[in-house]
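Letter by letter, the sequence shown follows residues 6 to 485 in our numbering.
Cβ atoms here follow ideal geometry from the backbone N, Cα and C, with glycine treated the same way.
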Amino acid sequence: MTLMKFSRIIHRPLSLTNRAMLFVAIAISFSMLIIGHLVQSAVERHFEEQDADELAVITQAVESALNKASAERLPPEDVLAKAVSGHHGVYFQVWDEHHQLIFGPPNLHPSKQTITYFAVEKIQADNLYRWSVDEKTFRGIVTQTQVGNHRYHIVAVIDMGFHLHFLDSFGRTLWLIMSLAGVITLLAAWFGVHQGHAPLRALSKVIQNVQADHLDVRLDTDTIPAELITLVDSFNRMISRLEESFDKLSHFSADIAHELRTPLTNLITQTQVGLSKSRSHDEYRELLYSSLEEQERLTKMVNDMLWLAQSENGLLRPDREKLELVQEVEATFEFLEALAEEKGIRFQVQGKPTAFVGDRAMLRRALSNLLSNALRFTSEGGMVQVNIWQASNAVYLRVKNPGPTIDSAHLPHLFDRFYRVDPSRQRQSEGAGLGLAIVKSIVEAHNGTISVSSAYGITSFTIIFQQVANDRHRVAGALS
Numbered sequence: 006m007t008l009m010k011f012s013r014i015i016h017r018p019l020s021l022t023n024r025a026m027l028f029v030a031i032a033i034s035f036s037m038l039i040i041g042h043l044v045q046s047a048v049e050r051h052f053e054e055q056d057a058d059e060l061a062v063i064t065q066a067v068e069s070a071l072n073k074a075s076a077e078r079l080p081p082e083d084v085l086a087k088a089v090s091g092h093h094g095v096y097f098q099v100w101d102e103h104h105q106l107i108f109g110p111p112n113l114h115p116s117k118q119t120i121t122y123f124a125v126e127k128i129q130a131d132n133l134y135r136w137s138v139d140e141k142t143f144r145g146i147v148t149q150t151q152v153g154n155h156r157y158h159i160v161a162v163i164d165m166g167f168h169l170h171f172l173d174s175f176g177r178t179l180w181l182i183m184s185l186a187g188v189i190t191l192l193a194a195w196f197g198v199h200q201g202h203a204p205l206r207a208l209s210k211v212i213q214n215v216q217a218d219h220l221d222v223r224l225d226t227d228t229i230p231a232e233l234i235t236l237v238d239s240f241n242r243m244i245s246r247l248e249e250s251f252d253k254l255s256h257f258s259a260d261i262a263h264e265l266r267t268p269l270t271n272l273i274t275q276t277q278v279g280l281s282k283s284r285s286h287d288e289y290r291e292l293l294y295s296s297l298e299e300q301e302r303l304t305k306m307v308n309d310m311l312w313l314a315q316s317e318n319g320l321l322r323p324d325r326e327k328l329e330l331v332q333e334v335e336a337t338f339e340f341l342e343a344l345a346e347e348k349g350i351r352f353q354v355q356g357k358p359t360a361f362v363g364d365r366a367m368l369r370r371a372l373s374n375l376l377s378n379a380l381r382f383t384s385e386g387g388m389v390q391v392n393i394w395q396a397s398n399a400v401y402l403r404v405k406n407p408g409p410t411i412d413s414a415h416l417p418h419l420f421d422r423f424y425r426v427d428p429s430r431q432r433q434s435e436g437a438g439l440g441l442a443i444v445k446s447i448v449e450a451h452n453g454t455i456s457v458s459s460a461y462g463i464t465s466f467t468i469i470f471q472q473v474a475n476d477r478h479r480v481a482g483a484l485s
């Protein structure tokens with residue numbers, strides 16, 4: 006168990022804070038290295054330029070001394086001894102054209118050939134020469150000068166001991182300061198990231214308070230940073246969908262309890278009546294028929310609910326066959342003709358023969374539910390009309406009936422399970438309230454949509470079936 010936990014920790018993605026801090030640490034380290042290197046290089050360059058200027062002054066002083074000795078016909082050694090003064094850690098040598106040392110300490114340079122190789126015309130920081138002798142480090146320059154008939158090599162050097170000591174001390178101090186600055190910057194960055202995640206922590210606390218009985222909670226996008234607006238909007242939409250689903254589930258539970266209570270109560274009452282005293286054979290038969298009616302209603306309700314559940318979970322696949330909608334509507338008329346004649350209601354279908362690819366049984370069930378619904382709310386002597394037409398690769402079917410105008414507030418809910426426009430919710434002969442929900446599921450199974458409108462005493466249900474490429478080929482074959 007410990008190994009599994011450790012493995013999960015190892016493979017867990019880095020937290021947002023750790024990711025940000027890792028990036029900041031890499032950026033700061035890289036920046037500090039570059040800055041430290043640039044500062045050290047600048048200081049070293051400053052010393053090189055300073056040394057070049059001082060070596061140029063020394064070289065000029067030595068050349069002036071050699072010119073003075075030549076002009077006054079004095080021994081060079083006497084004049085060169087007084088040529089340079091007031092310069093600490095500065096030395097020079099003068100060599101003749103035969104590479105013989107005329108003046109200066111003999112141990113400043115490791116090789117006589119180097120005098121010729123490194124002679125320069127102009128003293129600059131870029132052409133200074135650096136070498137070590139007896140654990141001492143020097144920076145110098147070699148120049149040539151012509152004095153009369155004599156050519157001299159002047160080697161001017163500076164002892165770098167002080168410079169190296171300063172640079173070493175400066176480097177340690179610099180990197181210590183840079184390290185401390187890096188640590189302070191990292192701490193400031195961590196604090197900034199921590200404060201930056203404060204809105205996330207606040208959102209987390211709000212989200213933790215969301216319970217099944219408090220799904221009305223919504224997060225305010227005006228009080229959060231711009232980066233979190235998309236997240237909050239997505240959360241609010243998700244909660245809205247959950248709230249809607251919970252409301253439907255709650256209503257569904259109440260509706261199914263309401264729908265089951267009446268037939269079960271009737272069954273219990275009838276059974277109690279039958280058992281209350283001895284009755285004749287015909288009376289018992291009548292009680293059994295009445296009980297059978299209630300049981301059949303229960304069975305139909307359960308079958309409808311099972312059908313809807315299978316449809317919503319994609320377990321019902323419509324069989325694709327070539328149909329002609331006008332014929333299917335007329336066949337449904339014949340099925341409901343007896344009920345329509347009983348109420349004095351007429352059926353009418355308008356439209357040209359229109360081919361459609363779908364499931365015959367499902368289509369007739371949807372038509373039967375729509376027409377039964379229309380018969381239920383059409384007054385005696387009225388007419389239920391079905392219109393069929395085709396346009397833009399789509400087939401349209403509309404069922405219209407006269408009757409009470411349905412308030413617009415109820416229209417979006419007519420296809421919900423057990424929904425009734427009548428607020429009293431009294432159970433009548435119209436059924437359990439699953440018919441329109443089944444119609445919607447059948448239409449959607451055929452890649453269609455259904456809508457309802459009600460105005461001026463006319464209620465219309467409009468179905469639109471989109472014809473996909475394969476269905477259009479089948480339709481073309483049916484019409485040919």
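Counted within 10 angstroms of its Cβ, other Cβ atoms place residue i as buried (16 or more) or exposed
i, result
"Ile189", "exposed"
"Phe171", "exposed"
"Ala343", "exposed"
"Lys453", "In the sequence on display, residue 453 carries Gly and not Lys. So Gly453 counts as buried."
"Val278", "exposed"
"Phe251", "exposed"
"Ala345", "buried"
"His158", "buried"
"Phe28", "exposed"
"Asp83", "exposed"
"Ala74", "buried"
"Arg50", "exposed"
Close Cβ partners of residue i (< 6 angstroms) along its chain, the five nearest in sequence each way excluded
i, result
"Val162", "Tyr96, Leu113, Phe143, Gly145"
"Glu102", "Arg156"
"Phe420", "Leu441, Ala442, Lys445"
"Leu21", "none"
"Leu402", "Ile393, Ile468"
Own chain, CB closer than 7 angstroms to residue i, minus 5 neighbours either side, in chain order
i, result
"Asp164", "Gly94, Lys141, Phe143"
"Phe52", "His168"
"Leu220", "Ile244, Leu247, Glu248, Phe251"
"Asn271", "Glu299"
"Pro268", "Glu299, Arg302, Leu303"
N- and C-terminal bounds of the alpha helix (DSSP H) containing residue i
i, result
"Glu449", "440–450"
"Leu43", "21–76"
"Asn308", "286–317"
"Ser137", "Where Ser137 is concerned, there is no enclosing alpha helix (DSSP H), although the beta strand (DSSP E) it sits in stretches over 134–138."
"Val84", "81–85"
Limits of the unbroken beta strand (DSSP E) element including residue i
i, result
"Glu329", "326–329"
"Met158", "Inspection of the sequence shows that residue 158 is occupied by His rather than by Met. 155–164 is the extent of the beta strand (DSSP E) around His158."
"Asn392", "388–396"
"Ala379", "Element bounds for Ala379: not the beta strand (DSSP E) but the alpha helix (DSSP H), 365–382."
"Val215", "Run containing Val215: none; DSSP gives neither H nor E here."
"Pro407", "399–407"
"Lys141", "141–152"
"Leu470", "The sequence given here places Phe at residue 470; Leu does not occur at that position. Note, Phe470: beta strand (DSSP E), 463–471."
"Thr454", "453–460"
"Gln355", "351–355"
Cβ of residue i within 8 angstroms of any chain D Cβ
i, result
"Val331", "Note that chain D does not occur in the displayed structure, where there is just one protein chain."
Residue nearest to residue i in terms of C-alpha spacing, selected from the options
i, options, result
"Gln98", "Ile107, Ser90, Leu79", "Ile107"
"Ser255", "Phe352, Ala193, Val211, Phe423", "Phe423"
"Glu248", "Asp218, Trp100, Phe340, Phe352", "Asp218"
"Gly201", "Asp221, Val222, Leu233", "Leu233"
"Leu320", "Ala57, Gln355, Ala450", "Ala450"
"Val147", "Lys357, Thr228, Gln65, Gln216", "Gln65"
"Ile212", "Ala231, Met243, Leu185", "Met243"
"Gln471", "Trp394, Ala460, Ala88, Thr270", "Trp394"
"His418", "Ile455, Arg322, Asn214, Val391", "Ile455"
"Arg206", "Gln216, Gly187, Pro230", "Pro230"
Neighbourhood of residue i by C-beta, 8 angstroms cutoff - its chain only, sequence neighbours within 5 removed
i, result
"Asp238", "Thr226"
"Met26", "Leu191, Ala194, Trp195, Val198"
"Gly462", "Pro407, Gly408, Pro409, Thr410"
"Gly176", "Gln45"
"Pro18", "none"
"Thr359", "Glu329, Leu330, Val331, Ile393, Trp394, Gln395, Val400"
"Asn72", "Val152"
Are the segment 327–344 and the segment 274–290 touching, with three or more C-beta to C-beta distances below 8 angstroms?
-> Judged by Cβ distances under 8 angstroms, the segment 327–344 makes no contact with the segment 274–290, as fewer than three pairs qualify.
Assess contact between the segment 371–381 and the segment 333–348, defined as three or more Cβ pairs (one per stretch) separated by less than 8 angstroms. Is contact present?
Yes, since at least three Cβ pairs between the segment 371–381 and the segment 333–348 fall closer than 8 angstroms, the two stretches touch.
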